[in-house]
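Colleague:
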Amino acid sequence: MDTGRRWALETFGQYGPRIRDEIADMVVSEHEASLDAQEASGHRSQSVYGEYWRGILERFETFGDLPGASLVRPGDAPYKLAVVNGVVLFPWRFAKGRDAQLETTPFGTSDTRYAMTRLRQRPVQDALIEVDETGLTEEEQAFVSALRTVVSDPVVGGARLVLVAIASSPRGLFGIDWGGVQLDHGGHLDWDGFHESLLPLGRTALAAVSSTGSFTAGTMPARFPATERTETGLAHDE
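Now the structure itself:
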């Protein structure tokens, strides 16, 4: 069992590896859809692609349909976040370029953002999980069963927030990193232990082997400025 799958199991339970795999494809698919919409608009402004945050949040809502999961609204936000195994899952397009650093990008910019760190999962009915449904190996099933014997209530002890940090623009998809985070007193996020890049898991990895480039790395469409910007701290979601 590789480290990433193990962490996903520890964090989200039996559906962790599935969540891990699907996140990569969701982020790539939303990037493609947003890029297509931007190009179809013919606008010099990149505001059409800037609506990426709405689309990726809608895609992540499907995780709330997993057995034992729920959707919870953070504060007065116009969206809901999936809470799986007592863990809040939030996709955040925090940067437009590859050079931005999560730790130096302001996160606590609104009451909504702070509310994410205090969310509690609504009571849900337990469901029996079929092995075929989760796609886990026998080793992973045994690992999940062992976890259940020592973790009776994942919500006790405070909410946990897992961030999917996305760096992208019409120029390309530069980063998909996920892991547990903590909000410091200055309103910035720090990775709380394990985190990893999910970019190699998405369809990007297949496209990137092409010698002619791909939608994530190649010649910039002529209608967009040639100079890459690496603005951070995007706050479209409040």
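If you're matching positions, the sequence shown starts at -7 in my numbering and goes up one per residue. Backbone N, C-alpha and C define an ideal beta-carbon position, used for all residues, glycine too. Since this is a predicted model, take the numbers as computed values, not measurements.
Run through the DSSP bridge pairs and tell me what residue 183 is partnered with.
Modeller: Against the sequence shown, residue 183 aligns to sequence position 191. DSSP output for residue 183 lists 173 as bridge partner(s).
Colleague: Given this structure, state the Cα-to-Cα distance separating residue 63 from residue 32, to the nearest angstrom.
Modeller: Walking along the sequence shown from the start, residue 63 turns up at place 71. Walking along the sequence shown from the start, residue 32 turns up at place 40. Approximately 33 Å between the Cα atoms of the pair.
Colleague: Measuring alpha carbon to alpha carbon, tell me which residue in 187, 164, 188, 79 is nearest residue 38.
Modeller: Locating residue 38 in the sequence shown gives position 46, where the first residue counts as 1. For residue 38, the nearest C-alpha among the options comes from 164.
Colleague: Measure the C-alpha to C-alpha separation of residue 185 and residue 171 and round it to an integer number of angstroms.
Modeller: Taking the first residue of the sequence shown as 1, we reach residue 185 at position 193. Taking the first residue of the sequence shown as 1, we reach residue 171 at position 179. C-alpha separation (whole angstroms): 8 Å.
Colleague: Step through the CB atoms of chain C and report whether any lies within less than 8 Å of the CB of residue 160.
Modeller: Considering every chain present, this structure includes no chain C. It has just one protein chain.
Colleague: In three-state terms, what does DSSP make of residue 60?
Modeller: In the sequence shown, residue 60 corresponds to position 68, counting from 1. DSSP places residue 60 in coil when its eight states are reduced to three.
Colleague: So, using beta-carbon positions, are residue 179 and residue 99 closer together than 8 Å?
Modeller: As a working mapping, residue 179 is identified with position 187 in the sequence shown. As a working mapping, residue 99 is identified with position 107 in the sequence shown. In this structure, residue 99 lies closer than 8 Å to residue 179 by Cβ.
Colleague: Apart from the five residues on each side of it in sequence, which residues of its chain come closer than 6 Å, Cβ to Cβ, to residue 103?
Modeller: Sequence index remark: in the sequence shown, residue 103 carries index 111 (1-based). Counting only Cβ-Cβ distances below 6 Å, and skipping sequence neighbours, we find 67.
Colleague: Have a look at residue 111 and residue 50 and give me their C-alpha separation to the nearest angstrom.
Modeller: The count along the sequence shown starts at 1 and reaches residue 111 at position 119. The count along the sequence shown starts at 1 and reaches residue 50 at position 58. Residue 111 and residue 50: Cα-Cα distance of roughly 18 Å.
Colleague: Counting pairs of Cβ atoms below 8 Å between the region 67 to 78 and the region -4 to 15, do you hit three or more?
Modeller: Yes: at least three Cβ pairs fall under 8 Å.
Colleague: Note down the Cα distance separating residue 41 from residue 84, rounded to an integer number of angstroms.
Modeller: One-based indexing of the sequence shown puts residue 41 at position 49. One-based indexing of the sequence shown puts residue 84 at position 92. Cα to Cα, the separation comes out at about 14 Å.
Colleague: What would DSSP say about residue 26, mapped onto helix, strand or coil?
Modeller: Here residue 26 is taken as the residue at index 34 of the sequence shown, counted from 1. Three-state result, residue 26: helix.
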